[in-house]
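Take a look at the structure set out below.
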């Protein structure tokens with residue numbers, strides 16, 4: 001913390017006798033600088049800023065009011081406290097000074113004890129404000145660092161959890177990276193659509209992006225003979241497979257009870273439970289339709305289906321990007337939210353580039369590049 005004796009005071013007065021009095025009163029306690037007019041004072045402050053300014057009002061050239069206004073319009077100098085020196089004691093003059101930005105008045109002829117007391121008081125306030133600002137800056141930086149650390153920990157935890165499910169299925173290694181990027185691209189596009197622009201802000205999109213990898217976390221509870229079956233599932237097997245949405249939802253719900261209703265897991269729960277719902281109500285687990293399906297689930301549905309189509313599986317080869325786009329367009333208003341399909345059409349090339357970047361094998365990359 002800065003000491004009073006280390007403070008620099010700039011005295012601006014065109015009368016030598018006034019300067020001599022002030023230097024005599026303050027010289028033993030502070031570092032002093034002197035200017036005989038407003039222009040000289042402004043030039044001096046280009047080189048070094050004082051901690052406090054004692055400023056005469058009536059001077060040749062720039063008046064004290066004009067100097068004060070210039071300083072208050074200067075981002076570098078606007079926080080420096082200015083005490084006016086004046087023989088004027090009328091209310092109008094004082095009001096004009098305060099409106100210009102002064103913090104106090106010292107009237108002429110000077111009372112030495114008053115000068116010392118007012119200067120000391122305002123320097124104490126200035127030092128305290130600077131110290132508080134510094135502490136706030138340090139705290140803000142610590143909060144930023146801590147927040148970044150927590151966000152990184154959160155993302156790593158999400159990916160680790162998601163990977164537990166993905167490692168059960170060796171054909172879907174890049175699935176979590178592809179789908180979360182699809183979700184981000186599609187949500188960003190939808191944020192400019194009238195229906196969704198007040199819902200899909202930057203923070204919500206970020207949460208969707210982070211939560212998307214958990215959409216299939218429930219697959220960890222599905223038996224290997226069903227999850228890894230190379231052929232078509234029987235009706236009974238498919239009924240068990242459908243349970244992965246509820247398994248994931250319930251696991252995330254238990255975790256969310258620890259973090260509270262406002263945690264990112266609320267969206268992860270929605271994605272896990274509703275990404276297999278269909279716009280026409282024929283999906284699962286709840287048979288929701290239309291806008292009753294959470295937005296996160298509707299976005300995830302397109303991302304998940306597109307990725308399933310363009311990916312190689314033990315029971316099928318990868319579809320081309322063009323084939324996948326056609327299939328999703330055919331599902332407009334049936335499987336998928338119509339507005340979201342329209343948005344997908346606009347960003348489908350970005351989907352393809354993401355798929356190429358995170359492709360699981362060369363066969364997928366070749367297929368994605370087919371016309």
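Residue numbers (UniProt numbering): 1 to 371. Backbone N, C-alpha and C fix where the C-beta goes; we use that ideal spot for every residue, glycine too.
In the DSSP assignment, residue 8 is bridged to 31.
Counting only unbroken stretches of 4 or more residues, the alpha helix (DSSP H) elements lying wholly within the UniProt domain "Response regulatory" (8 to 123) are 16 to 26, 38 to 47, 64 to 72, 91 to 100, in sequence order.
Residue 344 carries a helical assignment under DSSP once its states are collapsed to helix, strand and coil. Under the three-state reduction of DSSP output, residue 238 falls in the helix class. Sequence-distant Cβ neighbours of residue 3 in its own chain, meaning closer than 6 Å and more than five residues away, do not exist here. Under DSSP, the beta-bridge partners assigned to residue 336 are 332. Here the region 272 to 281 lies against the region 293 to 301, with 3 or more beta-carbon pairs under 8 Å apart. Following the DSSP letters along the chain, one finds residue 299 inside the alpha helix (DSSP H) bounded by residues 295 to 310. The criterion of a C-beta distance shorter than 8 Å is satisfied by residue 80 and residue 71. Partner residues in the beta bridge of residue 313, as assigned by DSSP, are 316. When rounded, the separation of the alpha-carbon atoms in residue 106 and residue 135 is 32 Å.
Counting only runs of at least 4 residues, the region 163 to 222 fully encloses the following alpha helix (DSSP H) elements, listed from N- to C-terminal order: 175 to 190, 202 to 211.
Judged by their CB atoms, residue 243 and residue 237 are not nearer to each other than the 8 Å cut-off.
The C-alpha of residue 356 lies about 7 Å from the C-alpha of residue 368. The residue among 366, 365, 360 with its C-alpha nearest the C-alpha of residue 177 is 360.
By the Cβ neighbour-count rule, residue 311 is buried, with 16 or more other Cβ atoms within 10 Å of its own. Ranked by how close their Cα comes to the Cα of residue 75, the residues 45, 252, 91, 109 have 45 in first place. Residue 11 is a Cβ neighbour of residue 32, given a cutoff of 8 Å. Between residue 39 and residue 24, the beta carbon gap of about 26 Å keeps them out of contact (Cβ cut-off 8 Å).
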